[in-house]
Structure formats: C-alpha cells, structure tokens
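Here is the structure we will look at.
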Amino acid sequence: MSDEFQPGEAVALALDSAVGAALVGEHGQTLALGPDRAAPMIADLERSVGPRWVWWSKPTAATLVAADIRPARCWDLDTVHRILAGGWRAGPGRVWALGSGLDPSDLPAAPTDDLFSAADTADSDEPIRSDGYLSPMWIDGAWRADLDHLHRWAELGLDAYRWQIEALTGLDDRPHAAATARSESAAELLCAELELDGLPVDVAEAERIIASFIGPRPADAAEERHRAAERDHLVLEHLDGASDQGIDLRNPGNVKSLLRRVGIEVDDTRAWRLERLRGEHPIIDALLRWRRAERIATTFGYRWLDQHVGVDHRLRGTWSSSDGAAGRMTATAGLHNLPAELRPAIVAEPGHVFIRADLGQIEPRILAAVSGDAALAAATQESDMYATVATELGVTRDIAKVAVLGAMYGQTTGHGAAALRRLDATYPIAMRYLTDAAHDAEGGHDLRTRGGRLVRMSAAGDLNGDERGARSRAAARGRYGRNAMVQGAAAEFFKTWAAVVRARAADANIVLCLHDELLVHARHEIGDDMASIVTDAVQEAAYRWSGSDTADAVHFVADTTILRRWSDAK
DNA sequence: TGCGGCTATTG
DNA sequence: CACAATAGCCGCAG
954 MSDEFQPGEA
964 VALALDSAVG
974 AALVGEHGQT
984 LALGPDRAAP
994 MIADLERSVG
1004 PRWVWWSKPT
1014 AATLVAADIR
1024 PARCWDLDTV
1034 HRILAGGWRA
1044 GPGRVWALGS
1054 GLDPSDLPAA
1064 PTDDLFSAAD
1074 TADSDEPIRS
1084 DGYLSPMWID
1094 GAWRADLDHL
1104 HRWAELGLDA
1114 YRWQIEALTG
1124 LDDRPHAAAT
1134 ARSESAAELL
1144 CAELELDGLP
1154 VDVAEAERII
1164 ASFIGPRPAD
1174 AAEERHRAAE
1184 RDHLVLEHLD
1194 GASDQGIDLR
1204 NPGNVKSLLR
1214 RVGIEVDDTR
1224 AWRLERLRGE
1234 HPIIDALLRW
1244 RRAERIATTF
1254 GYRWLDQHVG
1264 VDHRLRGTWS
1274 SSDGAAGRMT
1284 ATAGLHNLPA
1294 ELRPAIVAEP
1304 GHVFIRADLG
1314 QIEPRILAAV
1324 SGDAALAAAT
1334 QESDMYATVA
1344 TELGVTRDIA
1354 KVAVLGAMYG
1364 QTTGHGAAAL
1374 RRLDATYPIA
1384 MRYLTDAAHD
1394 AEGGHDLRTR
1404 GGRLVRMSAA
1414 GDLNGDERGA
1424 RSRAAARGRY
1434 GRNAMVQGAA
1444 AEFFKTWAAV
1454 VRARAADANI
1464 VLCLHDELLV
1474 HARHEIGDDM
1484 ASIVTDAVQE
1494 AAYRWSGSDT
1504 ADAVHFVADT
1514 TILRRWSDAK
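Note that the numbering used here has the first sequence beginning at 954, numbered continuously upward.
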C-alpha cells in the first residue's frame, strides 16, 4: 500500500479553525495537521493529488472557501443524504442512522444545557452509542475537541461515504445516482462560494431606483412613517369625504370595502384582477401604483440594501443547493425574486463583464429525456421545440406551449385541455410518464427523480392544507409529483451544468444561479473565452447527466450573452 | 408569539 | 394563475 494519497481517491476531512484538520484516505492513509499547517497542506494536496474531499456538510466547505481553497471534487454527506432520503432534513445523526439502518424518528435528542445531562459525559469519548446512533454530544461539537476527535470524525465520515455509495449504486433503475451525488455535492460547494462571493451591485444605481418609487432615504423612523402616510393618501384622496380614517391599505378586507365604496365588487384584490378594472375608477390605478411602491418599501427598499449588500457592494444571501420539493436551488435576500426594475443595479465590477446564459425550454427537453419519448426527443433537435410540437399537433405555437406546460403542471382545465388529447396521441410515452408519476403520487407513493432524488409524497400531502377534501388533496399530490419528476430532473441537469462551468471556468466566478440561468463574473479580457466555456458546458453536462444514448437523442440549448449590466439581457 | 391567509416577486 | 420558491404584513388563537 502506498503511503501517499492517490489521485481522485476519497479523503475524508474534518476541520476546525482552532484545532486543525484530520484527513483519512479511503486506502487507510491518514494525516493530522495543526491549525497553522492545515490550510496550506490541504491546498497543496488539492494541487498535487486532487482527491475527492468528503465532508459532513457545508460549513466545512465554507471554511475551505474562506481560506481561498476551492476544491475541484467533493462529497457532501448532508447533500447526498437529502438525495437518498428526500426532503431537507439532514445532519450527521440522520446520515449515520440511514447508513446503519436505524429509524430516523428515534433519533436521540440534542444535548440540553440542563445540569442533569452532565451524567452523559462519562462516555463522551465514544461517538457511537450502544444503540448504534451517533452520540448527540459528538454531533453538538465534541468532535472538535482535539485532533484525535477530529480524526475519529473524519473516519466516521468515510464510513458514511461508503454506505452512501452502496445505497446509491443499489438504487434500481437509477444508474446515474452516484453521478448525481457528485454534481449535487459540487453545487453545495458552489453555494458556499456564492455566499462568500456575493453578487456585484451598483449601490448608487440601486438607491436611485428605490428613490424613484419611494423617494430619498428617510432620515429616521418618523420620516419613514410620514412618507408611508403620504403614499397612502395618494390612494385615499380618491374617496370622497373625510371618512378614510381607519382604512388600512395593507389589509385586503379593508381594500375590498374601499373598492365597494366606489362601486366595485371583487372576490380578492390581486393585481391581475384589478388590472382589468383600471378603467372603472381612478382609485384602481392609484392602488396598483401604491402596491408597487409598498413592495419596494417593505421588501426591496433601503433596509434590504443595508441588510444584504456589504461594504464591498456585493449582495449576499444564504444558498441551498436542494431545498424544497424536487431539489431546486434556493436563495434568500431576494436573489431569486429580484424585481425586474432593480436588475439595472446588478453591474459587473470595473474591468469585468457578466456572462449570462440560460437553458432554453429546459423542462420539455428534460421530459423528452427522462421519459424516453423518441417523438418528443426529435422535437428537441430544433432550437424552438414548441414550434415543432405545434406543427406535429396542428395547432398554433402558443397553444402547443400552453398544452405542454399544462401537461407537466397537471392542468386539467382551460385552453390547454383540448390540445392535451392531441398531446396524448402524438407523444404517448412522455404523457404516460407524467400520468404514471401523477398516479403514484396521488396514491401517496414516494417518487424518485431520474437522478435518484427521493420525492416524499407521504409528507407532501399535508402541505396543501388549503384544499378541502381527500380527493382534491390527492389531486394536488398528483400535480406536485408529476411536476417534481420534471422540475427535479431539470434541477439536476442545471446543477450538472453549473458544476461543469465551475470546473472549466477557473478564472471566473459563478455569482448567480437562477433555476435555468447562470451569471458568471469574469475579467473583461477573458469574457469571450468564458462565454464559449459556458455554452460548450451544456453539451458536456448533457453527457454527464444522461449518458451518451440520451445525450445524442435529446438536444439542449443555451442562450449566452456578454454584458456589463444584468438588465442588458434581451 | 406562532401560524395561516393574502399579496408580491421570480423561474 | 396550473408547478416551484422567499418574504412581507395582517388577523387570530393561545
């Protein structure tokens, strides 16, 4: 056996900035490093060996990234656990329980601060309890007591890694599950980088935009309230008399009665409904304008700017690589729902450009791939596959698009319903794939995406508490499950793409991931090269995500542009 | 204080 | 206005 780490081998890593680092290779090689030597040695190993670093969760990745180490390959146990077990909950205790075949609902409770728990300290050096669960004290932080504990923690991580590999390769009909685990781990590492790097913001421009909605920055809370009252008045002045006292525009019930006073009756006061009533009374227009200003004031105003944009003019939020139903990336701080009006404030730094690229019609292309429908796959060969589908169905492009989207969302009414029957006849395999998923989900059966992520239906039924009755809840589960198979696989494709871009575009940084869109920040001189890399990465992602057979049959496209300002996109 | 309802924004 | 998400404010229950 060699006394060196081997290229590409799994090396479990436990890190603590005060204690140091412990490394355990899958062939038995170990290394213990004090706090001063840890970062340089890890950086050196990354260069000379390039292992697949195995760690428990994102904080370890974040520690490396903060030390300016950005590994090429990793394995994030929490992230892989979420693929295997579904949902969002993870952590060493659950990772370990799953690997040991223990019931996660009997997970031992986290240690409390009460005095009586001190009795447990007797066996604090033993990470595995007699019942097989991981010790809560270890999970809570005993693992970072010293280098010996760190070493043990890394060993346990390596055990968990082996169990996860075994579990992934044992999944029936999911040959890409291990590849999914690697790209999803890379995405989690990317999340740590996104959190550190942030998104470049032109703060002066952002303040100009905000001011255009709600005026200049108020000096104090009193002025802020005064400004809000002034905005309220612009709506309330449309009412006759002085009886506008006590009307709260933020209260939908009050808004309804306000509208009733001018002779307008509505079930709810959503903007799209009021939009059609603009001509009825000038107060509608005033109210809709008030809503936009209120939105900026409360969610995307000066407070948002101060809270989430650093002194270095970077917008930062918390990133998750697989939150929610089917494993899409999520972000806080408005990074995923920034209003279009604020996008002119997202500007590359001096001497830099953005490479902005989005995957075209990703979900129907994904449907063609995961279902194996040859007719739908043929349509993906065109850059605008909806046009091809429209020709096949004998309908307009708009109707074809609505029908395909409706099929993936589970729509049963409206204009898409008629075209849906033609979809069934033309793309029976794809449609059957969707109805099978919907049927399984309605019955409360768990699903697994193409890449192997478990979509739990047992837990999902309770999410839709607003829908009354068992039948509508089952139907909601069906729509949820049907869509999760497509949206989830699309998320896996996107993260594979992002991971390839991250690996190939070493001199640039991904600064935003937006479901089907990437924003890369690069020095101006290398913009063209990076744009080529981003575009070419789509084809590499297709092969990595699906294997050569599917990648040859289904075509994926990206629209890539170089720009200085996000809003310069077409 | 926590939670569901309503509303807004985005893909 | 179907699928997904974050986030604010309001009313209401505890």
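Just so you know, even glycine gets a beta-carbon here, dropped at the ideal spot from N, CA and C.
DSSP-derived helix/strand/coil call for residue 1416:
Confidence at residue 1416 is low in this model, with a pLDDT of 49, below 50, so the placement of that residue should be treated as unreliable; the coordinate-derived value is given next. When secondary structure is reduced to three states using DSSP, residue 1416 falls in the helix class.
Just to confirm, are residue 965 and residue 1114 a CB contact at a threshold of 8 Å?
For residue 965 and residue 1114, yes; Cβs fall inside 8 Å.
Simplified DSSP state of residue 965, which is helix, strand or coil
Note: residue 965 maps to strand in three-state DSSP.
Simplified DSSP assignment, three categories, for residue 981
If DSSP states are grouped into helix, strand and coil, residue 981 belongs with coil.
As a quick exercise: from 1096, 1202, 1506, pick the residue whose alpha carbon is nearest that of residue 1333.
Of the listed residues, the one whose Cα sits closest to residue 1333 is 1506.
So residue 1215 packs on residue 1236, CB below 8 Å; how close in whole Å?
Indeed they touch by this definition, with Cβ atoms about 6 Å apart.
I'd like the list of long-range same chain contacts for residue 1472, defined as Cβ closer than 6 Å, with 5 residues on each side in sequence excluded.
Closer than 6 Å at the Cβ level, and outside the excluded window around residue 1472, lie 1307, 1309, 1464, 1465.
To the nearest angstrom, report how far apart residue 1129 and residue 1135 are at their CA atoms.
So the alpha carbons of these two residues sit roughly 10 Å apart.
Roughly how many whole angstroms lie between the Cα atoms of residue 1325 and residue 1029?
Between residue 1325 and residue 1029, the C-alpha separation is close to 30 Å.
Going by the DSSP bridge assignment, what does residue 1311 pair with across the sheet?
Note: residue 1311 sits in a beta bridge opposite 1470, 1512.
Residues near residue 1100 by beta carbon distance below 7 Å, same chain, minus five either side
Only 972, 973, 975, 985 meet the Cβ criterion.
Could you spell out where the beta strand (DSSP E) holding residue 1026 opens and where it closes?
Per DSSP, residue 1026 belongs to the beta strand (DSSP E) from 1026-1029.
Within 10 Å of its beta-carbon, does residue 1403 have 16 or more other beta-carbons around it, so buried, or fewer, so exposed?
With 16 or more Cβ atoms within 10 Å of its Cβ, residue 1403 is classed as buried.
Candidates 1336, 1015, 999, 1295: closest to residue 1273 by CA position:
The option with the nearest alpha carbon to residue 1273 is 1015.
Does the separation of the CB atoms of residue 1095 and residue 1104 fall below 8 Å?
Not in contact: residue 1095 and residue 1104 (Cβ atoms no closer than 8 Å).
Sequence-distant residues of the same chain with beta carbon closer than 7 Å to residue 994, five excluded per side
If we look at residue 994 and ignore the five residues flanking it on each side, its Cβ neighbours are 986.
Can you tell me which residues form a DSSP beta bridge with residue 1004?
Looking at the DSSP output, residue 1004 sits in no beta bridge, so it has no partner there.
Status (buried if at least 16 other CB within 10 Å, exposed otherwise) for residue 1204
Its Cβ having fewer than 16 others within 10 Å, residue 1204 is exposed.
Length of the line joining the Cα atoms of residue 1253 and residue 1202
Put simply, the backbone Cα of residue 1253 is about 19 Å away from that of residue 1202.
Enclosing alpha helix (DSSP H) for residue 1281 [first to last residue]
Counting along the chain, residue 1281 falls outside any alpha helix (DSSP H), though it belongs to the beta strand (DSSP E) covering 1281-1284.
Would you report the Cα separation of residue 1489 and residue 1004, rounded to the nearest angstrom?
Rounded to whole angstroms, residue 1489 and residue 1004 show a C-alpha spacing of 26 Å.
According to the neighbour-count rule (16 or more other Cβ atoms, all chains shown, within 10 Å of its Cβ), is residue 1228 buried or exposed?
The residue is exposed, with fewer than 16 neighbouring Cβ atoms inside 10 Å.
Going along the chain, which unbroken runs of the alpha helix (DSSP H) with 4 or more residues stay wholly within the stretch 1187-1225?
Here the runs fully enclosed are 1205-1214.
Whether residue 1031 touches residue 1009 by CB criterion (8 Å)
Closer than 8 Å, so yes.
Spell out a yes or no on whether the stretch 1156-1173 and the stretch 1258-1272 are touching, meaning 3 or more CB-CB pairs, one atom from each, closer than 8 Å.
These segments touch.
List the whole-angstrom C-beta distance separating residue 1492 from residue 1316, where the pair is believed to meet the contact cut-off of C-beta under 8 Å.
With a contact defined as Cβ atoms closer than 8 Å, residue 1492 and residue 1316 miss out at about 19 Å.
Determine whether the beta carbon atoms of residue 1431 and residue 1394 lie at a separation below 8 Å.
Cβ atoms of residue 1431 and residue 1394: closer than 8 Å.
Buried or exposed (CB count within 10 angstroms, at least 16 for buried), residue 1481:
Under this definition residue 1481 is an exposed residue.
Are the Cβ atoms of residue 1362 and residue 1436 separated by less than 8 Å?
Taking 8 Å as the Cβ cut-off, residue 1362 and residue 1436 qualify as a contacting pair.
Indicate whether residue 1143 and residue 1383 have their beta-carbon atoms separated by less than 8 Å.
No, Cβ-Cβ distance for residue 1143 and residue 1383 is not below 8 Å.
Between which two residues does the beta strand (DSSP E) harbouring residue 1336 extend?
Boundaries for residue 1336: no beta strand (DSSP E) harbours it, and the DSSP string shows neither H nor E there.
Just reading off the beta strand (DSSP E) that residue 1083 is part of, what are its end residues?
Element bounds for residue 1083: n/a, residue is neither H nor E.
To which residues does DSSP link residue 1381 through a beta bridge?
For residue 1381, no pairing in a beta bridge is given by DSSP.
State the DSSP-derived secondary structure class of residue 1348, mapped to helix, strand or coil.
In the three-state scheme derived from DSSP, where H, G and I count as helix and E and B as strand, residue 1348 is classed as coil.
Terminal residues of the alpha helix (DSSP H) in which residue 1482 lies
Annotation for residue 1482: the continuous alpha helix (DSSP H) segment containing it runs 1480-1506.
Member of 1486, 980, 1504 whose CA lies at the smallest distance from the CA of residue 1513
It is 1486 whose Cα lies nearest to the Cα of residue 1513.
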